[in-house]
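Protein sequences appear in the order of chains L and F.
Just so we're aligned, residue 58 is where the first sequence starts under our numbering, counting upward by one.
Just so we're aligned, residue 9 is where the second sequence starts under our numbering, counting upward by one.
Note that beta-carbon positions come from the ideal geometry of N, C-alpha and C, so glycine has one too.
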Amino acid sequence: MNRPASDSSRVAATTGAAAVAEHPHQPFAVRFPGFARRLPWLVLAILALFPLLAPTFGLEYYVGFVRRLLIVAIAASSLNFILGYGGMAALGHAGFIGVGAYTVVALVEAGFSSAWLAWGGALVVAGLSAALIGAVSLRTRGVYFIMITLAFAQMLYYLAVSLRTYGGDDGYGLYTPLEMGVWLDGVHPDVFYWVVLVIAALVFACFSRVAHSRYGHALRGIRDNETRMVALGYPVYRLKLAGFIAAGAVAGLAGGLLASHNAFVSPAMMHWTQSALLLVMVMLGGLGRRWGAPLGVALWLVLEETLKMHTDYWHWPLGVLLLLAVFHAPQGLAALSERREGGR
Amino acid sequence: MSLFVAEGLVKRFGGLLATDHVDLAVERGEIHALIGPNGAGKSTLVNLISGLLPADAGRIVLDGVDLTALAPHQRVHHGLARCFQITSVFRNDSVRDNLLLAVQAQAGSSFRCLRRREAETALMDAALALADRTGLAAVLERPAGVLPHGMQKRLDLALALAAHPRLLLLDEPMAGMGPEDSVQMIELIGRLRSETAILLIEHDMDAVFRLADRISVLVYGRVLTSGDAAHVKGHAEVQSVYLGTEAHA
């Protein structure tokens, strides 16, 4: 606390909170514990009520948009888990999204119509693919790991392109929506939105929970100092593989949901640029931070949507945003809220 | 039978024979020092024994169990723990979290993923006990990376001790330390004698002569001689290696 008094009082004056003056460096969550604890529930409540309120404000179109945002956030959370907590820079995450989506297609083509079976299948098949790909990839480190995960994802991409039965390059339309069961279907036109919201909340809660468990601590230890973890007696390879499989499975689930959301599946969704985009969103939000993935996804997709309404050249403002983020918030948005008054 | 035996260890880096058919034994309750000039292959030897580097030939046996084919993390569970020459701690984590991570590796599965680790009081107790033994109890909440060098070295040692080793490999535990920290470290290592055998690599000859029961001299990847302090001090070749290297170079 060796800040000059005038500085402290300026901070107090601008925010109007006496507590801030006493602890100008403390994170947001420490200064306002009650609010920080309730914020997730508040966000969840707003999201839950959104489809009911949207018609009043003429925002019906955005129910679908938020649904997509939630699905992408599920995928991004899984990437944040292995990259942010586990230090595994996987550049092939869209591959697992694709595996999930094509599993849904395969099940529909085979005559199944249950959504739960399809999404569960997407989760399992993507998890199995992650087990195979991870078992090989995790024997490498650094740049080699990036390249090998990229290579596997591109192999999956070309596999999808070559699958004539499922539309090949043109993709595959899912013309009849999957059935979620008698007591869900037809209750409300936006039932699928709430199902996605519940799944997203569960996935998010699970990853947050795991982060504080033995496993979560071990995973971060591996990220920070893998050699020491080996010397402490940790089965590093198996621990990483377990995380990789879990993340792959969740990405597959997101892929399955995305297939239902779009009612369409094409190889484009597993192109490597999609993996890169997912990486960018997670980094923008804050690698290895609890709120990193949803924040990054929300910022990116909302800006994209807004910019698209005003201009065809919506890519370059996003590029500028990225540059700003690199220079002013290299730790991501989630980190920004933690030390607004700190640093300078 | 010796507690630990290394037989015919060989390691090549390209054309360089870094470890040249090294035989080494450590007895129960013994502090066995390994000395030698820079580049003699001391750290390579520690890496071969701990398994971080695969050996090209030879075998290692601890307490009658052949560890040669085991992965480094499995060797830890057989009682072979190590420290690092370049302090290797989790710099961004608190001392407490460092110790918890070390303790956790030994007690139960690290695949448990739903229960909060903070709720496991047994882990916390073990971590605190470890902090007490190594004189770190006063700095539990400090991030490891901001601790003074001597304390970081002690933390490095504490992390290895969590494994309840039967053989502890110490790679220059006194490196870069001032005299006060060295004295503390020598005391700490001396106290460990009752619970684990130690293979000590050290440049600080004072420390070596005060601690070691036996000393082996490594030169160009080979064990030149092995014996107690008087033997090594009186050995003509050792003297020429230590006093004459600069003249040759």
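- Contact of asparagine 100(F) with chain L is assigned, a C-beta pair being separated by under 8 Å.
- Within chain F, the residues placing a beta-carbon under 7 Å from that of serine 270(L) are Arg120, Cys121, Leu122, Arg123, Arg124, Arg125, ordered along the chain.
- Using a Cβ-Cβ distance cut-off of 8 Å, the segment 189 to 202 of chain F and the segment 75 to 94 of chain F are not in contact, since fewer than three pairs of beta carbons, one from each stretch, lie closer than that value.
- With contacts defined as CB atoms closer than 8 Å, histidine 40(F) and leucine 208(F) qualify as a contacting pair.
- Against chain F, a Cβ distance below 7 Å from proline 292(L) picks out His81.
- Within the same chain, no residue comes within 6 Å of arginine 94(L) by CB-CB distance, once the 5 residues on both sides are set aside.
- A direct Cα-to-Cα measurement between arginine 266(L) and glycine 353(L) gives close to 20 Å.
- Under a criterion of Cβ atoms nearer than 9 Å, the residues of chain L adjacent to valine 84(F) are, in order, Val287, Ala288, Leu289, Gly290, Tyr291.
- Cβ neighbours of leucine 148(L) within its own chain (closer than 6 Å, five residues either side excluded): Ile203, Thr206, Leu207, Ser332.
- Listed along chain L, the residues sitting closer than 8 Å to alanine 171(F) by beta-carbon distance are Leu289, Gly290.
- The segment 56 to 95 of chain F is shown to contain whole beta strand (DSSP E) runs of 3 or more residues at 65 to 70, 88 to 90, in chain order.
- Phenylalanine 169(L) and methionine 237(L) have their alpha carbons spaced roughly 12 Å apart.
- Rounded to whole angstroms, leucine 364(L) and tryptophan 357(L) show a C-alpha spacing of 10 Å.
- Using a C-beta cut-off of 8 Å, the segment 255 to 273 of chain L makes contact with the segment 121 to 137 of chain F, since at least three inter-stretch Cβ pairs fall below that distance.
- Between alanine 220(F) and alanine 237(F), the gap from beta carbon to beta carbon is short of 8 Å.
- Ranking Ala115(F), Lys50(F), Val13(F) by CA distance to the CA of arginine 36(F) puts Val13(F) first.
- Around the C-beta of arginine 104(F), 16 or more other C-beta atoms lie within 10 Å, and the residue is accordingly described as buried.
- Only Ser58, Gly59, Leu60 from the segment 57 to 68 of chain F bring a Cβ to less than 9 Å from some Cβ of chain L.
- Look at phenylalanine 114(L) here: in three-state DSSP terms it is helix.
- Sorting Ala137(F), Leu108(F), Leu138(F), Gln114(F) by C-alpha distance to the C-alpha of arginine 125(F) places Leu108(F) at the top.
- With contacts defined by Cβ atoms closer than 8 Å, arginine 67(F) and alanine 168(F) do not form a contacting pair.
- Interface with chain L (8 Å Cβ-Cβ cutoff): alanine 110(F) is included.
- Counting along the chain, leucine 175(F) sits inside the beta strand (DSSP E) bounded by residues 175 to 179.
- In the displayed model, tyrosine 250(L) falls within a helix according to three-state DSSP.
- Only those residues of the segment 117 to 151 of chain L whose C-beta falls short of 9 Å from the nearest C-beta of chain F would be listed, and there are none.
- Membership of serine 234(F) in the beta strand (DSSP E) is indicated by the continuous run 230 to 235.
- For the C-beta of glycine 273(L), the chain F residues within less than 9 Å are, from N- to C-terminus, Cys121, Arg125.
- For phenylalanine 107(L), the number of other beta carbons within 10 angstroms of its own is at least 16, and it is reported as buried.
- Taking a 10 Å sphere around the C-beta of tyrosine 232(L), we find fewer than 16 other C-beta atoms and assign the residue as exposed.
- Taking all protein chains in view, the Cβ of glutamine 112(F) is crowded by 16 or more other Cβ atoms within 10 Å, so the residue is classified as buried.
- Note on the segment 312 to 388 of chain L: whole alpha helix (DSSP H) runs with a minimum of 4 residues are 329 to 342, 349 to 367, 372 to 385, in chain order.
- With fewer than 16 other Cβ atoms inside 10 Å of its own Cβ, aspartate 369(L) counts as exposed.
- From the listed residues Gln93(F), Asp140(F), His86(F), Phe98(F), the smallest Cα separation to glutamine 114(F) is found for His86(F).
- About 7 Å separates the beta carbon of leucine 11(F) from that of leucine 70(F), a gap short enough to meet the 8 Å contact definition.
- Using a CB distance cut-off of 8 Å, leucine 259(L) does not count as an interface residue toward chain F.
- DSSP places isoleucine 39(F) in no alpha helix (DSSP H) but in the uninterrupted beta strand (DSSP E) bounded by 39 to 43.
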